[in-house]
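S.K.: The structure under discussion is supplied below as structure tokens; questions concerning it will follow.
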Amino acid sequence: MQKFNLTISLEKYDNENELTPIEQQLLAEARKATYKAYAPYSQFHVGAAVLLADGQIIAANNQENAAFPSGSCAEQSAFFWIGANFPNQKIKAVAVIARPGTGDVFRGVPPCGACRQAMLEYENRQQEPIRLMMLGDNNQILITDSIADLLPLRFNEF
Ligand code: THU
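Adding 16 to a residue's 1-based position in the sequence shown gives its number in the working numbering.
Listed below in structure tokens is the structure:
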């Protein structure tokens, strides 16, 4: 028996000013999108903002349902809408952010497992990595180079 480690690398920024203007804009749009979330059950408002190859930014949020599994996470709301409306546009990056409760305090939300798999599908389909931005501790910004980075031992097409 052998043990081995799988590692991923992340970029970490202490300050949003260190990001490129478009990255700053993506985060701002993700924050804004939390205010349109429909999350009456969890009060956990999530915003996702996606940068497309032509420069447009598509933002979406979580949409909950009285039958809990029928709701949609912010990332899936955004990616499925893009898949439906811009099937030929490549996705360059996505920023995800959460705003719990009624205040204006934001926190990081590493995408849930289902969202990772859903986003991976689009990354595989376009054969180009999608950068993922999220908040870390103390409002640091964490960025992975690809969705695949978040899914070691991922399930792929068979
Ligand atoms: N949620 C997201 O929108 N994205 C995630 O990656 C994790 C969770 C939503 C689902 C639900 O509406 C709320 O956050 C609480 O789990």
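Just so it is clear, CB atoms sit at the ideal spot from N, CA and C, and this is done for glycine as well.
Which parts of the stretch 82-137 are runs of the alpha helix (DSSP H), unbroken and 4 residues or longer, counting only runs that do not cross its ends?
M.R.: Whole alpha helix (DSSP H) segments, 4+ residues: 90-101.
S.K.: Per DSSP, Asn77 forms a beta bridge with which residues?
M.R.: Gly63
S.K.: If you follow the alpha helix (DSSP H) that Glu32 is in, where does it begin and where does it stop?
M.R.: First-last for Glu32: undefined, no H or E at that position.
S.K.: Does Thr160 come out as helix, strand or coil in the three-state DSSP assignment?
M.R.: strand
S.K.: In chain order, what residues of the same chain lie with their CB nearer than 8 Å to the CB of Leu169, ignoring the 5 residues before and after it?
M.R.: Leu22
S.K.: DSSP three-state label for Arg141, please.
M.R.: helix
S.K.: From what residue to what residue does the beta strand (DSSP E) around Leu22 run?
M.R.: Leu22 -> no beta strand (DSSP E), and no H or E assigned at all.
S.K.: Nearest CA to the CA of Val110: which residue from Ala65, Gln133 and Leu167?
M.R.: Ala65
S.K.: Along the beta strand (DSSP E) that carries Met150, what are the first and last residues, could you check?
M.R.: Arg147 to Leu151 is the span of the beta strand (DSSP E), which, as asked, contains Met150.
S.K.: If we count the other Cβ atoms within 10 Å of its Cβ and call it buried at 16 or more, is Asn77 buried or exposed?
M.R.: buried
S.K.: Among Gly152, Thr50 and Ile98, whose alpha-carbon lies nearest the alpha-carbon of Ala69?
M.R.: Residue Ile98 holds the alpha-carbon nearest to the alpha-carbon of Ala69 among Gly152, Thr50 and Ile98.
S.K.: Ignore the nearest five residues each way along the sequence and tell me which others in Gln40's own chain have a CB closer than 7 Å to its CB.
M.R.: Glu32
S.K.: Which residues have a Cβ closer than 6 Å to any heavy atom of ligand 1, listed in chain order?
M.R.: Ala55, Ser58, Phe60, Val62, Asn78, Glu80, Gly87, Cys89, Ala90, Glu91, Val125, Pro127, Cys128 and Cys131
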